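When you line the sequence shown up against the working numbering, it's residues 11 to 79, in that order. Heads up: the structure comes next, in structure tokens.
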Amino acid sequence: MKIASIILSLIALVFIGFNVTKLDFNNLFHGDSMVALITILTALCATVLLQILRISKRIEKLSKHKGNA
């Protein structure tokens with residue numbers, strides 16, 4: 011699960027990097043720039059959710075470890 015979340019986070023970062031190049035700062039909310047903004051926002055949300063998942067799995071592992079001791 012850890013490797014999958016790392017790979018998905020890297021893919022999200024690649025999406026962010028690619029879509030930053032698609033932004034037209036003169037017309038930020040029109041055409042391809044709007045699509046790029048939406049994709050950047052969704053990639054950021056996915057990254058945050060994956061980090062929350064990774065932290066919750068780490069907490070679960072620690073709580074199981076303390077429960078057995």
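A virtual CB, placed ideally from N, CA and C, is assigned to each residue, including glycine. Since the structure is predicted, the reported quantities are computational estimates derived from the model, not experimental observations.
Identity of the residue in the options nearest residue i by Cα
i: residue 15; options: 75, 73, 25 and 62; result: 62
i: residue 51; options: 76, 24, 11 and 70; result: 24
Whole-number beta carbon distance between residue j and residue i, since they are thought to touch under 8 Å
i: residue 19; j: residue 60; result: 5 Å
i: residue 29; j: residue 49; result: 5 Å
Endpoints, alpha helix (DSSP H) assigned at residue i
i: residue 75; result: 42-78
i: residue 23; result: 12-32
Cβ-heavy atom distance, residue i to the ligand PLP, below 8 Å
i: residue 66; result: What this structure holds is no ligand at all, so the ligand PLP is not there to describe.
Pair within 9 Å by beta-carbon distance, residue i and residue j
i: residue 54; j: residue 43; result: no
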